[in-house]
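K.L.:
First to last, the protein sequences are chains X and V.
The number in my numbering is simply the position in the first sequence, starting from 1, with 2 added.
The number in my numbering is simply the position in the second sequence, starting from 1, with 32 added.
Cβ atoms here follow ideal geometry from the backbone N, Cα and C, with glycine treated the same way.
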Amino acid sequence: MLVLGIETSCDETAAALVADGHILSNVVASQMDLHASFGGVVPEVAARKHVEVIGYVINEALGSAGKALEDVEAIAVTSRYGLIGCLVVGVAAAKALAYTLKRPLVGIHHIEGHIFANILSNPHIPMPHVCLTVSGGHTMLVYVKDLCQYEVLGNTLDDAAGEAFDKVAKFLGLGFPGGPVIDRLAAQGDRTAYNFPRPLRRSGTVDFSFSGLKTAVVNRFKGSDISTLPVSDIAASFQEAVVEHLVSKTVQAASRADVSAIGVTGGVAMNSRLREVFAERCRQEGHQLFFTRTDLCGDNAAMVAAAGAARLAHGESADLYLSAVPNAPLESAA
Amino acid sequence: MMILSIDTAGRSDAIGLIDGRRVLADFVGDVTHNSLQGIIMNIDAVLSNAGLTLADVDGLGVGIGPGSWTGVRVGITVGKMMAYATGKPLCGVSSLDALASQAGDASTLICSVVDAGRGNIYAGFYRRRGGVTVKQGQYTAGPVEGLVARIREPVLFVGDAAQVHRQTISALLGDLARFMKAGEERQGSATALLALSRLERGESDDALSLVPLYLKEPLVQALAARKR
Ligand SMILES: [Zn+2]
Chain X
3 MLVLGIETSC DETAAALVAD GHILSNVVAS QMDLHASFGG VVPEVAARKH
53 VEVIGYVINE ALGSAGKALE DVEAIAVTSR YGLIGCLVVG VAAAKALAYT
103 LKRPLVGIHH IEGHIFANIL SNPHIPMPHV CLTVSGGHTM LVYVKDLCQY
153 EVLGNTLDDA AGEAFDKVAK FLGLGFPGGP VIDRLAAQGD RTAYNFPRPL
203 RRSGTVDFSF SGLKTAVVNR FKGSDISTLP VSDIAASFQE AVVEHLVSKT
253 VQAASRADVS AIGVTGGVAM NSRLREVFAE RCRQEGHQLF FTRTDLCGDN
303 AAMVAAAGAA RLAHGESADL YLSAVPNAPL ESAA
Chain V
33 MMILSIDTAG RSDAIGLIDG RRVLADFVGD VTHNSLQGII MNIDAVLSNA
83 GLTLADVDGL GVGIGPGSWT GVRVGITVGK MMAYATGKPL CGVSSLDALA
133 SQAGDASTLI CSVVDAGRGN IYAGFYRRRG GVTVKQGQYT AGPVEGLVAR
183 IREPVLFVGD AAQVHRQTIS ALLGDLARFM KAGEERQGSA TALLALSRLE
233 RGESDDALSL VPLYLKEPLV QALAARKR
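1. With a threshold of 16 other CB atoms inside 10 Å of the CB of R260/V, please say whether the residue is buried or exposed.
2. Please name the residue in V146/V, A115/V, T102/V whose C-alpha comes closest to that of L36/V.
3. Confirm the yes/no value for this check: CB of D301/X, any heavy atom of ligand 1, distance under 6 Å.
4. Using a Cβ-Cβ cut-off of 7 Å, state whether A98/X counts as contacting chain V.
5. Got a sec? Which residues, its chain only, sit under 6 Å from R193/X by beta carbon, not counting five neighbours each side?
6. Could you give the DSSP three-state label for F198/X: helix, strand or coil?
7. Counting only beta-carbon atoms, is Q69/V nearer than 7 Å to chain X?
8. If you drop the 5 nearest sequence neighbours on each side, which residues of the same chain put their C-beta closer than 7 Å to that of G103/V?
9. Please state the DSSP three-state secondary structure of H111/X.
10. Given this structure, state the Cα-to-Cα distance separating K1/X from I50/V, to the nearest angstrom.
11. At a CB distance below 7 Å, what residues from the region 105–129 of chain V approach chain X? Give them in sequence order.
12. Could you check where the beta strand (DSSP E) with A211/V kicks off and where it finishes?
13. If you draw a straight line from the alpha carbon of V243/V to that of G300/X, how long is it in whole angstroms?
14. Near A218/X, what residues of its chain come up, given a Cβ to Cβ distance below 7 Å and the 5 sequence neighbours on each side ignored?
15. Using beta carbons (cut-off 7 Å, strictly below), is K259/V in contact with chain X?
16. Heavy atom of ligand 1 less than 6 Å from the Cβ of G139/X, yes or no?
17. Provide the residue span of the alpha helix (DSSP H) that contains A41/V, from first to last.
18. Should T102/X be flagged as near chain V, meaning a C-beta pair shorter than 7 Å?
19. Measure the CB-CB distance between G87/X and A49/X and report whether it falls below 7 Å.
20. Listed from N- to C-terminal order along the chain, which residues in the region 208–235 of chain V have their beta-carbon within a distance smaller than 9 Å of any beta-carbon of chain B?
21. Would you please verify whether the beta carbon of E46/X is less than 7 Å from any beta carbon of chain V?
22. Is it buried or exposed for D321/X, if we count other Cβ within 10 angstroms and need 16 for buried?
23. Give the straight-line distance between the Cα atoms of E282/X and V244/X, rounded to the nearest whole angstrom.
24. Do G48/V and D58/V have their C-beta atoms within less than 7 Å of each other?
25. Would you check if there are 3 or more beta carbon pairs closer than 8 Å linking the region 61–74 of chain X to the region 92–106 of chain X?
26. Please list, in chain order, the chain X residues whose beta carbon lies closer than 8 Å to that of T102/V.
27. Could you check whether the Cβ of V78/V sits closer than 7 Å to any Cβ belonging to chain X?
28. Under a CB-based cut-off of 7 Å, is G57/X close to chain V?
29. Where does E9/X fall in DSSP's three states?
30. Give the list of continuous alpha helix (DSSP H) stretches no shorter than 4 residues that lie fully inside the region 40–73 of chain X.
31. Taking L322/X as the query, report the chain V residues whose CB atoms sit under 7 Å from its CB, ordered along the chain.
32. Below 7 Å between beta carbons: does that hold for A239/V and L122/V?
33. Can you grab the Cα-Cα spacing for the pair V5/X / A309/X, in whole Å?
34. Mind pulling the chain V residues with CB within less than 8 Å of N329/X?
35. Mind checking the region 192–207 of chain V against chain X and listing, in chain order, the residues whose C-beta falls within less than 9 Å of any C-beta there?
Laid out in structure tokens, this is it:
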């Protein structure tokens, strides 16, 4: 089945065509440069950009796949979890297309999208598995029992991991987004130079917390002249604390859920040290590790189309009253 | 020519359907509803009540604002995607112009008003000249008091936002201010008629590039611009 996916939950305007697990096109109009001057995503700026480019992005997704709009058999859109003003644009577009073309419509939870980015990347990932979705907007551990069957195991109690990267990068004067630049600098730094706290180490839960870690970095160097600081060492030490926190909680969750397969997805899954440490730890623990391919780590619509196809296969679809819900829980298919 | 129009910039969504100059439907949505949820089924109801489908429509008119930022994005995105998917021509229409066009043959200054939140309004000024409503100067955005204080002559206010701010306006202008009766708004058909006029002049907008008329920058950009 040829599914058109649409994703506008944050700062990427995306459309993709996916047919039976094959990505025919995957177009992402990134707004990164637009938001860089503000040091973070500005919701109203993002929403305005979505309206401006959504038509072009959908048109490009069809064109580069060599398909016409009439070939589309169903439309999937991120309708839950994200910035409300941004979600609204994608949902309005999807509803108008579904109505005009008389095609089934399905609303997808953004986190479910990321889980499907991992399934698209690793079609043979065992079920059940534990999936870590980690980005600038979310950090969540999900027990994926089967396709569209979820149980949320852990969540961030404050900031998302990517947000912590952004804030520390901002403090160090490294610009936005923080993840890639910290990853790059950390490669030349000493990750044992500073011993930043490992959050929630004795909590017994598999939740996450990053704001204390960010504050620890800021407090350690507050008042110093940034230009005199060993920025690479700070970046490496901070990154090491984030990575250890993410890996240890994920491995702990997998052991507790008694599954041997771990998936890692979302924008922060591109981090090279995270990939290294996960590989090491999973080898030690005898877990199978499945990373999302890098071009599907960030927000995209191929993952939304794939999730939509799975939901439709479960007999699920949305009616044309579909709305956007910013804080919806991740729910299993019926 | 059959025109379907959508305007979601104001407090309640408006959908209009015209056949030439003949008004077939003038739908006004519930003010408590969010535009996104009901928009498609409301359009469907307007069409099916007229015994029509989207295929019977010859052109689309869409209110581009100014108005509720999220609201206008809903209407404009729906209009764009319907035009894109059907290949039918699309015409963006200023929501203030569509309001003003409802003032009929008013002989005074006309002021159309859309609420901008927190005591602010978007406004446009117009005069009737030779049977048409002609815009006077630029649209403005700002506090009600500031905009109204500049008026020194009889003026007819149009738009439900004028009703919202009626006390403030009357206190400042006294007898100079007149108001269009509440419940007389025909924003849907007014938008459709203005779209029809544009189409008849050979004008239309590109379905992929049409964007809302905001009149105001997001706060953060305004701050950044001031810093520069
Ligand atoms: Zn995401």
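P.N.:
So, to answer that:
1. Legend: pLDDT at R260/V = 44, less than 50; position of this residue unreliable, value from coordinates given subsequently. Exposed is the call here.
2. A115/V
3. yes
4. yes
5. A238, S239, E242
6. coil
7. yes
8. T40, A41, S67
9. strand
10. Only positions 3 to 336 of chain X appear in the structure, and residue 1/X is not among them; the question remains open.
11. R105, V106, I108, T109, V110, K112, M113, M114, Y116, A117, T118
12. The sequence given here has Phe at residue 211/V, not Ala. 209–211 is the extent of the beta strand (DSSP E) around F211/V.
13. 26 Å
14. F198, P199
15. Reliability of the predicted coordinates at K259/V is poor, the pLDDT of 48 falling under 50, and the value obtained from them is presented with this limitation in mind. Chain X, which has no Cβ nearer than 7 Å to the Cβ of K259/V, makes this no.
16. yes
17. Neither: A41/V is in no alpha helix (DSSP H) and is coded neither H nor E.
18. yes
19. yes
20. Considering every chain present, this structure includes no chain B. Its protein chains are X and V.
21. yes
22. exposed
23. 16 Å
24. yes
25. yes
26. A49, I86, G87, V90
27. no
28. yes
29. strand
30. 45–67
31. I72, M73
32. yes
33. 10 Å
34. Within 8 Å Cβ-Cβ: nothing; N329/X doesn't reach chain V, min ~15 Å.
35. none
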